[in-house]
Every structure is written in structure tokens, then in C-alpha cells.
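Numbering (the working numbering), first residue to last: 378 to 845. Even for Gly, the Cβ is constructed at its ideal location relative to N, Cα and C.
Structure follows, in C-alpha cells:
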């Protein structure tokens, strides 16, 4: 019996530990399960193989071609002319030369007559080589563009990963806050119900008026919908957490981190702007896009240049008038050539392509400046919000201390019959509001802490790993 009880306790303990989720494990879970991040990772591989595919065109392209065919033909009688003998047409005066000539004509005429049934076999093998010698820079520029695209996709993956981390942080702390608010509301309801019980006892003894009893009942009734609303918010926060992280366990999510702001992060606004200019992936991406359009513009201007390619092939061939092919019946053919192509007039399409690429380059330059301005504005807003949230946290801590003291005084005055229950209700409302405001301030300062690090360009995953 004892062993069974210990086994049950052990299983429950292991289950609890297994279901416990820290912020870092939640992020790892999301990285494993997030479909958009997986697609972004595949885009990196696709860009890498596109680059290798185009780069491979610099090397000779060698192809092996082979064909083997059999053909059998049955001619109708109407397609076969009648046979003829020139020897039969000679008269008695014909000499030996005439006979020899007539015999030769019979052989030639007989060979020209088709057979009513014929067979033919054909076998061809060819090795073909093609090497681009000059393409007006289009191939080299294409390789450069795809190399930039490969880098672009890699940075986009990092950007998607950072966005996923901040989404998990928001979902994690929103769940913690929703549970905190729910617990505060439940505790407030329990306190109000306990106070109602005391008021009813006092009313039965004639110590308080009916108004006091109704006021206590009203306070309990007021808290019921707030508890239901906070429970609904808690359930929604849990569903959002499961969606973001891919958490599939049916057990209740146990958050392992004690959510207390103890992260010192002193950075001036000027320093934050300077770091962002060096570290933000978005700024790097705009520079890469500018480089891509610059290369594309050069490539489009190269459409006026000629293309030169070297081609060579070696073929082995045979055609037989029967289905059997002997090894001595093969012939060999080889060829080498240079191909030259140069556009003389393209209906102004090449000019339009070059001008379009030029305007795309200008657009990318404007986008780079616009992105820089937006990032600077984002950092200013988040930096100010972070500074405000720290001050607000200290204020809410003081407010909670004052609200707790006020509630103690009101409760003591009511029990000593020197105060009224309305003072207790007001003090309780202020205390609940102070607890909720402090919990919200705790979470807001943590969110702003990570948001500011993200806006500067710091790697959030590495940051969380270092804070463990």
C-alpha cells in the first residue's frame, strides 16, 4: 500500500515538473512548432539552391543523347511497279558489251524497286557540350543578385525568429497577468462574502441597519461579474499561449518563472539610437535590397551586349536495313562551333527594362530612408514607454502599501464600531485596484524591457538564455 502511494505521488510530481513551462522553454516550443518560422527556414534553403543552380551555369553543360528506333513497312501492291528485264529486250545482234550493260541496268532497276515488306533499325548516340563564354554580364550579375537574395532570406529568418520570441513573451506575460487578476478578483469576492456574513450577523443582532446589509449584498453582487470576466480573460490568454507556442498538453499550464522585474537596463536614448543603426536587421535588409536593385540595373543595361557560346558534339550513328546491327556498321561525326547573338532592335523593351530597374533602385533608396525614420520613431516611443513604466511601477508599489494600510484601518474601525462598513467597501475596492494596477505595472515594465531590446536589435533568445 505504501509503495503504491509513493508511486502515485512520484507520478504526480513528475507530471507537474513535465508540464511546468518557463519563458525559455516556451520560446523553444514555439520555435519547434511555428509553421511560419518553418516556412521562412525553407525559404533560406530555397534561396541557397537557387544560387547554386545559377552558379552552376558557369561550368560546361554536358549532355548525353541517345535514340534507337525500329521500323517495319508493308507496301500495297499498287505502290510497287512491275518488274522489268533489259536483257530480255536485247535482240540477237547484241554483243557482250550490250549484255553487260543490260545486266547492270537490271541490277540498278531491281534495287530501286521497293519491297512489299521492309525493316529498318537506327541507333544514334551523341555527347554534347555547351559552354557560355560571354553573356554581357547577365550571368555574373544574376549570380550576384541570388547571392544577395540568399543573405536576404537568412536575415528575414532571423527577423521572423525575433518576432516570434516577442510574441511568445507577450503571450507568456499576458497569461501570467490574467491569472494574477483572476486570483485577485476571487480573493476580493471571498473577502466580500466573509464581510457580508459578518454584516448579516450584526444585522440579526440589531447592530447595523438594513441599508448596511443591502450595501454588503450589493458589493458581493458587483464582484461576481468581474470574477467571471477575469476568468474569461484568463481562458483566452491560455488559448492564445497554446496557439503561439504550439503547447498541446491537456494539463493546465504551469508557469515556472516568478514574474518580478529585477533587470537593470540603463541605456540612454542616443545610445539606443546608435545601437539600432548598427544592429537592426531591417536596416541591413534595406541596404541589401538597394544592392540587389543596383546589380539588377547593371544587368538590364547589359542586354545590349552580345552573347557568345561554345558548342561541341560527338555522335556515333548507324542505320541498317534489318533489325540486326553489327558493330562494324557505325559511323562517327564531330562538330565544334561558336554561337554569337546580339540584339539590334527589341522594340524598346530592353530600354524599358533598364528604366524600370532604375526606378526600382530609387524606390529602394527611399524605402531605406523611410525605414530609418520609422525605426528611430519606434525607439523613441518604446524608450519613453520603458522609462515611464519603471516610474509607474514604483508608484504602484507605494499605492499598494497605502491601500493595504487604509484597508487595515477601515477594517479595524468597523470592528471597533467606530467606523461604517462603507469605509471598508471603499478601502477594499481601492486595495483590489491597487493590486491589479501593480500586477499590470510589473508585466508592462517587463514587456517594455524586451521590446526595447528588440528595437535596439539585441538577440532576445540569447538575452533570455543569459538571464537564467
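May I have a chain-ordered list of the beta strand (DSSP E) segments no shorter than 3 residues that lie completely inside the region 487 to 541? Correct list: 494 to 511.
Mark residue 677 as exposed unless 16 or more other C-beta atoms lie within 10 angstroms of its C-beta, in which case mark it buried. Sixteen is the threshold: when 16 or more other Cβ atoms of the shown chains lie within 10 Å of the Cβ of residue 677, as they do, the residue is buried.
Closest Cα partner of residue 735 within the set 683, 672, 762 and 420: Among 683, 672, 762 and 420, the Cα nearest to that of residue 735 is on 672.
When the Cα atoms are used, what is the spatial distance from residue 535 to residue 747? 21 Å
C-beta atoms of residue 814 and residue 787 nearer than 8 Å: no
Output needed for residue 745: all residues of its chain with C-beta closer than 7 Å, excluding positions within five of it in sequence on either side, in chain order. 663, 664 and 667
Taking the continuous alpha helix (DSSP H) assigned at residue 728, which residues delimit it? 726 to 792
Give me, in chain order, the residues of the same chain whose beta-carbon lies closer than 7 Å to that of residue 840; leave out the 5 immediate sequence neighbours on both sides. 830
Report the rounded CA-to-CA distance for residue 723 versus residue 419, giving the unit in angstroms. 38 Å
Starting from residue 826, trace the beta strand (DSSP E) both ways and give me its first and last residue. Careful: residue 826 lies outside any beta strand (DSSP E), inside the alpha helix (DSSP H) at 798 to 833.
CB contact flag (residue 514, residue 675, <8 Å): Result yes, Cβ atoms of residue 514 and residue 675 sit closer than 8 Å.
What three-state label does DSSP hand residue 471 in the structure shown? If DSSP states are grouped into helix, strand and coil, residue 471 belongs with coil.
Do residue 689 and residue 716 have their C-beta atoms within less than 8 Å of each other? no
By alpha-carbon positions, which one of 670, 709 and 710 ends up nearest to residue 733? Distance from the Cα of residue 733 is smallest, within the candidate group 670, 709 and 710, for 670.
Boundaries of the beta strand (DSSP E) in which residue 428 is found, first to last residue: Unbroken run through residue 428 is the alpha helix (DSSP H), 412 to 432; no beta strand (DSSP E).
Check whether the region 537 to 553 and the region 406 to 425 touch, using three or more Cβ-Cβ pairs below 8 Å as the test. yes
Could you give the C-beta distance for residue 608 and residue 569, rounded to a whole number, given that I count them as a contact under 8 Å? Actually they are not in contact, since the Cβ atoms of residue 608 and residue 569 sit about 17 Å apart, beyond 8 Å.
So which of 432, 758, 810 and 769 has the shortest CA-CA distance to residue 781? The option with the nearest alpha carbon to residue 781 is 810.
Any idea what DSSP makes of residue 627, helix, strand or coil? coil
Straight-line gap, residue 587 to residue 594 (C-alpha atoms, nearest Å): 11 Å
Length of the line joining the Cα atoms of residue 571 and residue 834: Note on geometry: alpha-carbon atoms of residue 571 and residue 834 lie some 52 Å from one another.
Terminal residues of the continuous beta strand (DSSP E) containing residue 445? 438 to 451
N-terminal and C-terminal residue of the alpha helix (DSSP H) that residue 622 is part of: Unbroken alpha helix (DSSP H) run through residue 622: 587 to 622.
Which of helix, strand or coil DSSP assigns to residue 719: coil
Given 8 Å as the limit, is there contact between the region 423 to 442 and the region 649 to 658, that is, 3 or more CB pairs closer than that? no
How many angstroms separate the CA atom of residue 496 from the CA atom of residue 445? Distance from the CA of residue 496 to the CA of residue 445, rounded to the nearest whole angstrom, comes to 14 Å.
Kindly indicate which residue of 725, 836, 692 and 527 has the alpha-carbon position closest to the one of residue 712. Measuring from the Cα of residue 712, the nearest candidate turns out to be 692.
Is the region 550 to 561 in contact with the region 602 to 617, if contact means three or more CB pairs nearer than 8 Å? Between the region 550 to 561 and the region 602 to 617 there are three or more C-beta pairs closer than 8 Å, enough to call the two in contact.
Give me the Cα-Cα distance between residue 683 and residue 719, rounded to the nearest whole angstrom. Spanning the two alpha carbons is a distance of roughly 4 Å.
Beta-carbon gap between residue 361 and residue 785 smaller than 8 Å: Shown here, the chain extends from 378 to 845; a query on residue 361 therefore has no answer.
What residue range does the alpha helix (DSSP H) around residue 648 cover? 646 to 656
Check whether residue 821 and residue 766 have beta carbons under 8 Å apart: Yes; because the gap between Cβ atoms is below 8 Å, this pair is in contact.
By Cβ distance below 6 Å, which residues in the same chain neighbour residue 502 in space, the five residues on each side in sequence not counted? Same-chain partners within the cutoff: 443 and 693.
As assigned by DSSP and simplified to three states, the class of residue 402: helix
Determine the direct distance from the alpha carbon of residue 649 to that of residue 933, and round the result to whole angstroms. The requested residue 933 does not occur in the structure, where the chain is confined to residues 378 to 845.
Three-state class that DSSP yields for residue 836 in the structure shown: coil
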